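Those sequence lines, one after another, are chains A and B. For the first sequence, the working numbering begins at 10 and goes up steadily by one. For the second sequence, the working numbering begins at 8 and goes up steadily by one. For reference, the structure is listed below as structure tokens.
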Amino acid sequence: MNIITDNSELFLTGFKNTGILFIISGFFALILGTIVAGMRVSPAPAMRAAGTFYVNAVRNTPLTLILAFFALGYPRLGLPSVSFMNAAIVGLSLYTATYVCEAIRSGINTVSVGQSEAARAIGLPFMKTLSLVVLPQAFRSVVPPLFSVFIALLKNTTVAAGFSVLEAGAIRAYLSERGEPMLPGLLWVALIFVVVVLGIMTPLQRYLEKKWRVAR
Amino acid sequence: MSSVLFDVPGPKARTRNVYLNVATAIVVLGIIGFIMFRFYQSGQFTAEKWQIFTFPLVQQTFLEVIGATLKAFAVGAVGSLLLGILLAFGRLSDSKWLNIPCYWFTELFRAVPLLVLMMIVYYGLPSAGVPGITPFLAVVVGLILYNGSVLAEVFRAGIESLPKGQREAGYAVGLTKGQVLRMILLPQAVRAMLPVIISQLVVILKDTALGFLITYHEILYYADFLGSQGGYGSPVVPALMVAAVIYVGLCLILSGIAKLAESKMSSRVKVVKTRVGMAG
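In structure tokens form, the structure reads like this:
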């Protein structure tokens, strides 16, 4: 117990940064993922191809490599420099967006055909069919997979610790610098993640799933 | 391409689609072009930075680190599948003493970040006096604990999705509960869940790259090492590009093999079905 009270400021900063990484990357991943999902079902073949290429390329690349590129490779390109925090946010957003896209796309497939046929029958063009009729229903049905994606994002933020971001995964390195035992520190970090995932995220997922269930 | 989301394009929509295609192409080519231009401008394509990849020793080491990645993947994948099956059986058992611990095991290990799990094994256990922890062991143990728990849920969902008659027929011919699970339910569950299992295998392959952060000498670790070679112009970007190509290639090969296995399996089912049909 001492280790967490003695180093409370370290744990607080670490998990605060984890929270920032999670919320900002989750926000951008949701927007980008929705746009790419829209591209992947759009009438223009070039848009579909671009979306498919992006998803396949990024989903088959390890997150560690993507973050390594933004943290180690990007500064070599002579572009305006970004902080390690922002580099991690960009990498996490680009990576998570592909999973958001696939979740939403599978949600679009679950919306019954009659819905979009009805939308077309009253003369709505593609964008309106998608944004007014199909996507609102798709989002409701993808709450469980989308939450799994965001829980994965929350856990994936720890990878940023390897690239100079002081967040939950980096607490261990700081503890060992201070000569504290590492096992209790790591177990505390693990415990906090368990509490957040099982105590907050999963109940929230169940609640939203129930609240937004589509009556079919 | 027929989609329910939009009508078959008429003349007006066709012209619009052409514009959209052109606009998309311009944007995509613009992004790729800008990246390439930056790479070129900052000298990432100079012979100096790529020279290091022409050395036989470097190429040989690349093969070795690919082997290290594949070794961690193979041990991790086999271990995860076995642990997943065991945990799924545990969760389906009637005994509370087996059922509840297996439930908490899967819930706990799915909630802890894989990197933290690997760190606990690699940094935590030795400081608590456990000897003989290597980076390889830490990577593999982390992969097995996490992905085994994920796969346990997959197997369980697969077994529970099967019609009740399968289980009942097994009991009716006098099989024990274990035999029904092993010989009747599991093979069908694996077949039904194959796409999910395969995507989880790709996840295992990608997650071996986390080993880089706990000093396991795999592809990314070596790429990082090459990138720090100041005598060859610190080729960070070229080394990461090579690593990315290798990872994407390995993942695509794995998905390809999996698709092949899937089509073989589904064609076998069809053969059985037609035979049954002919007999009837």
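Glycine included, each C-beta is placed from N, C-alpha and C at the ideal position. Small disclaimer: the values here were computed from a predicted structure and weren't measured.
With distances taken between CB atoms, is the gap from residue i to residue j smaller than 8 Å?
i: Phe232 of chain B; j: Met200 of chain B; result: no
i: Phe135 of chain A; j: Ser51 of chain A; result: yes
i: Leu124 of chain B; j: Ile166 of chain B; result: no
i: Ala230 of chain B; j: Val146 of chain B; result: no
i: Ala38 of chain A; j: Val109 of chain A; result: yes
i: Leu261 of chain B; j: Val210 of chain B; result: no
i: Ala80 of chain A; j: Leu30 of chain A; result: no
i: Phe199 of chain A; j: Thr27 of chain A; result: Contrary to the premise, residue 199 of chain A reads as Ala rather than Phe in this sequence. Not a contact, by the Cβ cut-off of 8 Å.
i: Pro245 of chain B; j: Lys19 of chain B; result: no
i: Ile73 of chain B; j: Ile264 of chain B; result: no
i: Ile33 of chain B; j: Gly86 of chain B; result: no
i: Phe52 of chain B; j: Phe46 of chain B; result: yes
i: Thr222 of chain B; j: Pro142 of chain B; result: yes
i: Leu162 of chain A; j: Ser34 of chain A; result: yes
i: Leu169 of chain B; j: Gln195 of chain B; result: yes
i: Ala77 of chain A; j: Val120 of chain A; result: no
i: Gly4 of chain B; j: Met191 of chain A; result: Lying before the first or after the last residue shown, residue 4 of chain B is absent from chain B, which here runs from 8 to 287.
i: Ala130 of chain A; j: Thr138 of chain A; result: no
i: Val174 of chain A; j: Phe93 of chain A; result: yes
i: Phe116 of chain A; j: Ser150 of chain A; result: Inspection of the sequence shows that residue 116 of chain A is occupied by Gly rather than by Phe. Yes, they are a contact pair.
i: Gly97 of chain B; j: Leu105 of chain B; result: yes
i: Ala46 of chain A; j: Thr31 of chain B; result: no
Thinking C-alpha only, which one of the options is nearest residue i?
i: Phe44 of chain B; options: A:Val99, A:Leu86, A:Leu72; result: A:Leu86
i: Ser134 of chain B; options: A:Lys25, A:Arg181, A:Gly82; result: A:Arg181
i: Gln212 of chain B; options: B:Val180, B:Ala30, B:Ile253, B:Thr222; result: Per the sequence shown, the amino acid found at residue 212 of chain B is Leu instead of Gln. Here the closest residue by C-alpha is B:Ile253.
i: Phe20 of chain A; options: A:Ile201, A:Ser121, A:Leu144, A:Met210; result: A:Ile201
i: Leu195 of chain A; options: B:Pro18, B:Tyr129, B:Arg174; result: B:Tyr129
i: Pro202 of chain B; options: B:Leu267, B:Ala250, B:Gly50; result: B:Leu267
i: Leu217 of chain A; options: A:Val152, A:Tyr183, A:Gln124, A:Leu184; result: A:Val152
i: Ser206 of chain B; options: B:Ile127, B:Leu259, B:Ile73; result: B:Leu259
i: Thr215 of chain B; options: B:Gln186, B:Ala250, B:Asn24; result: B:Ala250
i: Phe62 of chain A; options: B:Leu144, B:Val148, B:Ile140, B:Val255; result: B:Val255
i: Gly240 of chain B; options: B:Ala54, B:Leu64, B:Thr113; result: B:Ala54
i: Ile209 of chain A; options: A:Phe156, A:Tyr183, A:Val174, A:Thr166; result: A:Phe156
i: Leu93 of chain B; options: B:Leu257, B:Ala81, B:Pro108; result: B:Pro108
i: Glu114 of chain B; options: A:Ile160, A:Phe93, A:Asn118; result: A:Ile160
i: Ile12 of chain A; options: A:Val204, A:Lys220, A:Ser185; result: A:Ser185
i: Gly50 of chain B; options: A:Ala170, A:Pro84, A:Ser150, A:Asn69; result: A:Pro84
i: Gly149 of chain B; options: B:Met126, B:Ala164, B:Gly40; result: B:Met126
i: Thr76 of chain B; options: B:Trp111, B:Ile204, B:Leu257, B:Val15; result: B:Leu257
i: Phe13 of chain B; options: A:Lys219, A:Gly82, A:Ala66, A:Val143; result: A:Val143
i: Tyr26 of chain B; options: A:Arg222, A:Thr43, A:Met56; result: A:Met56
i: Ser140 of chain A; options: A:Val158, A:Val203, A:Met48; result: A:Met48
i: Ala164 of chain B; options: B:Val197, B:Arg174, B:Leu144, B:Glu175; result: B:Val197
i: Asn95 of chain A; options: A:Pro71, A:Ile32, A:Asn118; result: A:Ile32
My guess is that residue i and residue j are in contact by the Cβ rule of under 8 Å, so how many angstroms apart are they, rounded?
i: Leu121 of chain B; j: Lys164 of chain A; result: 7 Å
i: Ile75 of chain A; j: Leu41 of chain A; result: Going by Cβ atoms, the distance from Ile75 of chain A to Leu41 of chain A rounds to 14 Å, so no, they are not a contact pair.
i: Gly237 of chain B; j: Val243 of chain B; result: Not confirmed; about 11 Å, so no contact.
i: Pro54 of chain A; j: Asn154 of chain B; result: 37 Å between Cβ atoms; not a contact.
i: Pro154 of chain A; j: Ala106 of chain A; result: With 8 Å as the limit, Pro154 of chain A and Ala106 of chain A do not qualify as a contact, their Cβ atoms being about 14 Å apart.
i: Leu158 of chain B; j: Gly91 of chain B; result: 3 Å
i: Val290 of chain B; j: Glu126 of chain A; result: No answer is possible for residue 290 of chain B: it lies beyond the span of chain B, which begins at 8 and ends at 287.
i: Ala118 of chain B; j: Leu207 of chain A; result: 5 Å
i: Thr166 of chain A; j: Leu101 of chain A; result: 7 Å
i: Glu69 of chain A; j: Glu189 of chain A; result: This sequence places Asn at residue 69 of chain A; Glu is not what is there. In fact, because the Cβ distance is near 39 Å, the residues do not count as touching under 8 Å.
i: Val187 of chain B; j: Gly172 of chain B; result: In fact, because the Cβ distance is near 12 Å, the residues do not count as touching under 8 Å.
So is residue i in contact with chain E if we call contact Cβ pairs under 8 Å?
i: Val11 of chain B; result: In the structure shown, chain E cannot be found, because the protein chains are A and B.
Members of the region 240–266 of chain B near chain A, C-beta cut-off 7 Å: Cβ contacts with chain A: Val243, Val244, Leu247, Ala250, Ala251, Tyr254, Val255, Cys258, Leu259.
Contact residues within the region 34–47 of chain B, judged by C-beta distance below 9 Å to chain A: Of all residues in the region 34–47 of chain B, only Val34, Val35, Ile42, Arg45, Phe46 come within less than 9 Å of chain A when Cβ atoms are compared, listed by chain position.
Residues in the region 120–152 of chain A having any Cβ partner in chain B nearer than 7 Å: Cβ proximity to chain B below 7 Å picks out Val122, Ser125, Glu126, Arg129, Phe135, Thr138, Leu139, Val143 from the region 120–152 of chain A.
Residue ranges of each alpha helix (DSSP H) within the region 107–189 of chain A, 4 or longer: Whole alpha helix (DSSP H) segments, 4+ residues: 122–130, 144–150, 152–165, 180–186.
Residues of the region 55–67 of chain A whose Cβ lies closer than 7 Å to any Cβ of chain B, in chain order: Residues Ala55, Met56, Ala59, Ala66.
Runs of alpha helix (DSSP H) lying entirely within the region 21–86 of chain A, each at least 4 residues, in chain order: Qualifying alpha helix (DSSP H) stretches, in chain order: 54–68, 72–77.
Residues of the region 183–195 of chain A with Cβ closer than 9 Å to any Cβ of chain B, in chain order: Result list: Ser185, Pro190, Met191, Leu192, Pro193, Gly194, Leu195.
The region 39–56 of chain A: positions lying closer than 9 Å to chain B by Cβ: Going along the region 39–56 of chain A in chain order, one finds Met48, Val50, Ser51, Pro52, Ala53, Pro54, Ala55, Met56 with a Cβ nearer than 9 Å to chain B.
Continuous alpha helix (DSSP H) assignments of at least 4 residues falling wholly in the region 30–81 of chain B: Secondary structure within the region 30–81 of chain B: the alpha helix (DSSP H) runs of 4 or more consecutive residues, fully enclosed, are 54–57 (chain order).
Inside the region 157–230 of chain B only - beta strand (DSSP E) runs reaching at least 3 residues: Counting only runs of 3 or more, we get nothing.
Short-range partners of chain A found in the region 74–102 of chain B, where Cβ spacing is below 8 Å: In summary, no residue of the region 74–102 of chain B has a CB separated from any CB of chain A by less than 8 Å.
Interfacial residues, the region 69–97 of chain A to chain B, with Cβ spacing under 8 Å: Listed by position, the residues of the region 69–97 of chain A near chain B (Cβ gap below 8 Å) are Asn69, Thr70, Pro71, Leu72, Thr73, Leu74, Ala77, Phe78, Leu81, Gly82, Arg85, Leu86, Gly87, Leu88.
Residues of the region 122–146 of chain B whose Cβ lies closer than 8 Å to any Cβ of chain A, in chain order: Among the residues of the region 122–146 of chain B, those with a Cβ less than 8 Å away from any Cβ of chain A are Leu122, Val123, Leu124, Met126, Ile127, Tyr130, Gly131, Leu132, Ser134, Ala135, in the order of the chain.
Members of the region 203–222 of chain A that neighbour chain B once the beta carbon cut-off is set at 7 Å: Listed by position, the residues of the region 203–222 of chain A near chain B (Cβ gap below 7 Å) are Val203, Val206, Leu207.
Members of the region 21–41 of chain A near chain B, C-beta cut-off 9 Å: Of all residues in the region 21–41 of chain A, none has a Cβ within less than 9 Å of some Cβ in chain B.
Against chain A: residues of the region 208–219 of chain B by CB proximity under 9 Å: Val209, Leu212, Lys213, Asp214, Thr215, Ala216, Leu217, Gly218, Phe219: these are the residues of the region 208–219 of chain B whose beta carbon lies less than 9 Å from some beta carbon of chain A, given in chain order.
Interfacial residues, the region 153–170 of chain A to chain B, with Cβ spacing under 9 Å: Taking 9 Å as the upper bound on Cβ-Cβ separation, chain B lies near residues Ile160, Leu163, Lys164, Asn165, Thr166, Thr167, Val168, Ala170 of the region 153–170 of chain A.
Where the region 108–119 of chain B meets chain A: residues whose CB sits under 9 Å from a CB there: Within the region 108–119 of chain B, the qualifying residues are Glu114, Leu115, Arg117, Ala118, Val119.
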